[in-house]
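Undergrad:
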Ligand SMILES: Nc1ncnc2c1ncn2[C@@H]1O[C@H](COP(=O)(O)OP(=O)(O)O)[C@@H](O)[C@H]1O
Ligand SMILES: [Mg+2]
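Numbering (our numbering), first residue to last: 559 to 1159.
#1: Ignoring anything shorter than 3 residues or poking outside the region 1049 to 1109, list the beta strand (DSSP E) runs there in chain order.
#2: Let me check you understand the geometry: is the CB of residue 1111 closer than 6 Å to at least one non-hydrogen atom of ligand 1?
#3: Examine ligand 1 and report whether any of its heavy atoms sits within less than 6 Å of the Cβ of residue 696.
#4: Give every residue of the same chain whose Cβ lies closer than 8 Å to the Cβ of residue 765, excluding the five residues on either side of it in the sequence, and list them in chain order.
#5: Span of the beta strand (DSSP E) holding residue 499?
#6: Looking at the structure shown, is residue 999 part of a helix, part of a strand, or coil, going by DSSP?
#7: Go to residue 973, then tell me how far its beta strand (DSSP E) extends in each direction, as first and last residue.
#8: With burial defined as no fewer than 16 other Cβ atoms inside 10 Å of the residue's Cβ, what is the status of residue 1070: buried or exposed?
#9: Report the three-state DSSP secondary structure of residue 920 (helix, strand or coil).
#10: Taking the beta carbon of residue 644 as the centre, do at least 16 other beta carbons fall within 10 Å, making it buried, or is it exposed?
#11: Give a single yes or no on whether residue 958 has its beta carbon closer than 6 Å to a heavy atom of ligand 2.
#12: Using a Cβ-Cβ cut-off of 8 Å (strictly less than) and excluding sequence neighbours within five positions of residue 1148, which residues of its own chain qualify?
#13: Please confirm whether residue 1000 and residue 1115 have their CB atoms less than 7 Å apart.
#14: Does the beta-carbon of residue 934, which I'm using as the reference point, lie nearer than 6 Å to any heavy atom of ligand 1?
#15: Taking DSSP as the reference, what is the three-state secondary structure of residue 938?
#16: Let's test the definition: count the other Cβ atoms within 10 Å of the Cβ of residue 514 and tell me whether it reaches 16, buried, or not, exposed.
#17: If you run the structure through DSSP and keep just helix, strand and coil, what is residue 1157?
#18: Taking 6 Å as the line, does the beta carbon of residue 928 fall inside it for any heavy atom of ligand 1?
#19: If contacts are defined as beta-carbon pairs under 8 Å, then residue 971 and residue 926 qualify, I think. What distance do you get, rounded to the angstrom?
#20: Quick check on DSSP: helix, strand or coil for residue 986?
#21: Within 6 Å: the Cβ of residue 1036 and any heavy atom of ligand 1?
#22: How should residue 723 be labelled, buried or exposed, when 16 other C-beta atoms within 10 angstroms of its C-beta is the threshold for buried?
#23: Give a yes or no on contact between the region 810 to 825 and the region 741 to 750, applying the rule of three or more CB pairs nearer than 8 Å.
#24: Alpha carbon to alpha carbon, what distance is there between residue 666 and residue 830?
#25: For residue 1047 versus residue 1094, is the C-beta distance shorter than 7 Å?
#26: With C-beta atoms as the reference, is residue 947 less than 7 Å away from residue 1098?
#27: Thinking C-alpha only, which one of 781, 981 and 952 is nearest residue 1151?
#28: For residue 861, is the classification buried or exposed, using 16 other Cβ atoms within 10 angstroms of its Cβ as the cut-off for buried?
#29: Roughly how many angstroms separate the alpha carbons of residue 562 and residue 690, rounded to a whole number?
#30: In chain order, which continuous runs of the alpha helix (DSSP H) of length 4 or greater are located wholly inside the region 639 to 719?
#31: Which residue's Cα is closest to the Cα of residue 940: 589, 1130, 784 and 659?
#32: Going by alpha carbons, who is nearest to residue 598 out of 663, 938 and 979?
#33: Does DSSP classify residue 1151 as helix, strand or coil?
#34: Buried or exposed: where does residue 996 fall if 16 or more other Cβ atoms within 10 Å of its Cβ makes it buried?
#35: Please classify residue 907 as buried or exposed, where buried requires at least 16 neighbouring CB atoms within 10 angstroms.
#36: Are the region 623 to 638 and the region 846 to 866 touching by the rule of at least three beta carbon pairs closer than 8 Å?
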C-alpha cells in the first residue's frame, strides 16, 4: 500500500521529491479526465474567444457612432450612425448567443468530468481491501466523495470559466483601448503596477488563510461523522458534554479563520475600486485636455473611459480563482491518492475457474501479520476436509477472526498459502471465491431496501419463492411475516426496524440463499436470544448441512453440532479433536466446558 493516501490528509511536511510525485500524480489524473473531452474543450475555447471579442467591441462602436455618425447626421447622412447602431446590436446579439453556447458547453464538459471522477472514486474505494478501510476513517472517505469533489466542481464550473473569461476580457479591453487611444492605454498600463502589488498581497495572505479554512472545515466534518457513527458509545458514556467542548472549539476555529478571510476582502475589494477610480480619473483628466486641444475626439474619450472602467470588473473573481484552484488542487491530490491505492488483495492475473467447489480448505505454513512487526499467526498449518463443521474457540484476541478473514481472503497471508480445493485463494477467480466462501459476522449489516432485497444479496437472481424458502430454512420466516409489510417491509423505515437477533437471522437467510461451499460464522449467533436456543440450533444445522463450516462462538452449546473443535491461543491451535474427546480430556476445552455446564445449573 502506498503511504500517501493513508497518512494524515492535511500533512504539509512533504519532502520536495514527495511533493513532486504528488503533483505528477494529480496532473496525470487531470490528464486522464480531460483527454476524453479534449475536442470539446478546444471548441469551447474558440467560442469564448469570439464571444469576448464581441462583448468588448461595444465601446469602440459607440465611439464610432459619436465621432463619425453624429457629424454625418448633422449633414443629413444617417448611414454611418445607423450602421454603427446596427452593428452594435448585432455584435450584442452574437455575443449573447455565443455566451449561451459557451455556458452550456462548459457545463457539459465539467459535468462529464465530474461524473467520471465521482464514479471512479466510488468504484475504486469500494474495490479497495479491508486493510485500506480499517485505516482510512469514514470521515475522510466521505470528504473525498463530498467536499473534495465539490472543490473540483467549483473550479470547473466557476473558477476556470472566470479565469479564462476574465483574462480574455482584460486582454481584449487593453488591446481595443490601445488601438483607440495609446495615451489612455499607457495610463491603464501604469495602473497595472498597484493592481499587481495589491493582487499579490491578497494572494499570499488568502492562500494561507484558505488553507487554514479548509483544514478547519475538514476537522469539523471528521468530528461530526465520528461522533454520529459512534453515537451509541457517545450516549452510553454520556460523552455529549466532552464532544460539545471539542466541537465547539472546532467551530470557533472555523469562525475565526473565516472572519480573517472576510477582513482580507475588506481591504482587497475597496483597493480594487480605488485603483479603478483613480485610473478613470487620470484618463478623464488627460483626455479632457487633449479633447480641448482637438487631439482626441469626444467619442474616443468616452470609449476610453468605458474601457478603463470595465477593465477592472473581472479582477475580484479572478483573484478568487487562485483560491478555488488551490482547494481543487488539494482535493485532486487527495483523490488521486485514494485512486492510487492498490487493493491489498489484488485480483489474480491468470484466474483459475473453480466451477463447483467441494470445500476443502487448507492453510499451509501460513504466517500472518497486520503490521510487519507484530505476527498474529506464526506458521500455521490446518486442513479442513470438505463438509466438516468446525467450532473454533479461544479467548479474545487469540486470532480467531484473523483466521476467518484469511479464509475469506479479506487479507492475504504474509507468507505461505491458503487454498480451497488445492487452489491458492490468490489465484481463484473473484466471482468463484465469493460464491464459494461466505463469511457472516456479528455485524449483520442491512442495506436500505426491503427484507427480501436484503436476503437476495446472497443471490441477486433469486425468485421470491427461493427467498421465502431460505428464510424458512433458518427460522426467520415467522418474524418476517409479522412485519408490517412482510418481506416487502423497508428495513430503514419506522416499523421495519428489526432487532439485532432478527438482523442475524436475515443474514443467515442471505447466507443460506448464497449456498456457499464454505461458510464462516464469526460470532454470528451472539445476538440471538437464549430462549430461541433450540431454534438457533435447528437453524444452524440446516444452514451448515452439506458444507464446510467454521463457527466461531462464545456459546458452547453451538459447539455440540460441530464435528471437530479447535482451541486457539495466541495464534496457535492448542487443541484439536471431536467435542466428545476434548470434553473427556483434561485440556483447556474440558475446563471451559465444565465451567459452562456448571453455569447452566
Ligand atoms: N485490523 C487489524 N490491525 C491490526 N491488528 C489487528 C487487526 N485486527 C486484529 N488485530 C490484532 O490481531 C489479534 C487477533 O485478533 P482477532 O483475530 O480479532 O482475535 P479474536 O477474533 O480471536 O478475538 C489481536 O491481538 C488484535 O489486536
Ligand atoms: Mg473475533
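All C-beta atoms, glycine included, are put in the ideal place defined by N, C-alpha and C.
TA: If we stick to the structure as given:
#1: Uninterrupted beta strand (DSSP E) stretches at least 3 residues long and entirely within the region 1049 to 1109 occur at 1076 to 1080, given in chain order.
#2: Residue 1111: no, Cβ never under 6 Å from ligand 1.
#3: Flag unset: Cβ of residue 696 not near ligand 1.
#4: So the list reads 880, 881 and 884, once near-sequence residues are dropped.
#5: No answer is possible for residue 499: it lies beyond the span of the chain, which begins at 559 and ends at 1159.
#6: The three-state secondary structure of residue 999, taken from DSSP, is strand.
#7: Counting along the chain, the beta strand (DSSP E) containing residue 973 begins and ends at 973 to 978.
#8: It counts as buried.
#9: In the three-state DSSP reduction, residue 920 falls in the strand class (E or B).
#10: Exposed, because fewer than 16 other Cβ atoms sit within 10 Å of the Cβ of residue 644.
#11: Checking the Cβ of residue 958 against ligand 2 gives yes.
#12: Excluding residues within five positions, the ones whose Cβ falls inside 8 Å are 1140, 1141 and 1142.
#13: Contact flag unset, no.
#14: Checking the 6 Å criterion, the Cβ of residue 934 is within range of a heavy atom belonging to ligand 1.
#15: DSSP places residue 938 in strand when its eight states are reduced to three.
#16: Residue 514 falls outside the range modelled here, since the chain spans only 559 to 1159, and no answer is possible.
#17: Helix at residue 1157.
#18: Yes, the Cβ of residue 928 comes within 6 Å of a heavy atom of ligand 1.
#19: Going by Cβ atoms, the distance from residue 971 to residue 926 rounds to 5 Å, so yes, they are a contact pair.
#20: Looking at residue 986 - three-state DSSP - the assignment turns out to be strand.
#21: Because no heavy atom of ligand 1 lies under 6 Å away, the Cβ of residue 1036 does not count as near it: no.
#22: Counting Cβ neighbours within 10 Å, residue 723 comes out buried, since at least 16 surround it.
#23: With the cut-off at 8 Å, the region 810 to 825 and the region 741 to 750 do not touch.
#24: Between the alpha carbons of residue 830 and residue 666 lies a gap of roughly 33 Å.
#25: No.
#26: In terms of Cβ geometry, residue 947 and residue 1098 do not form a close pair [threshold 7 Å].
#27: Among 781, 981 and 952, the Cα nearest to that of residue 1151 is on 952.
#28: Buried, since its Cβ has 16 or more Cβ neighbours within 10 Å.
#29: Residue confidence is low: residue 562 scores 34 on pLDDT, short of 50, so the model does not pin down where it sits. No coordinate-derived value is stated.
#30: Counting only runs of 4 or more residues that sit fully inside the region 639 to 719, the alpha helix (DSSP H) segments are 688 to 693, 696 to 701 and 707 to 712, in chain order.
#31: Taking only the C-alpha atoms, the option nearest residue 940 is 1130.
#32: With distances taken between Cα atoms, residue 598 lies closest to 663.
#33: Residue 1151: helix per DSSP, three-state reduction.
#34: Flag for residue 996 reads buried.
#35: It counts as exposed.
#36: Contact between the region 623 to 638 and the region 846 to 866 is present, because at least three Cβ pairs lie under 8 Å.
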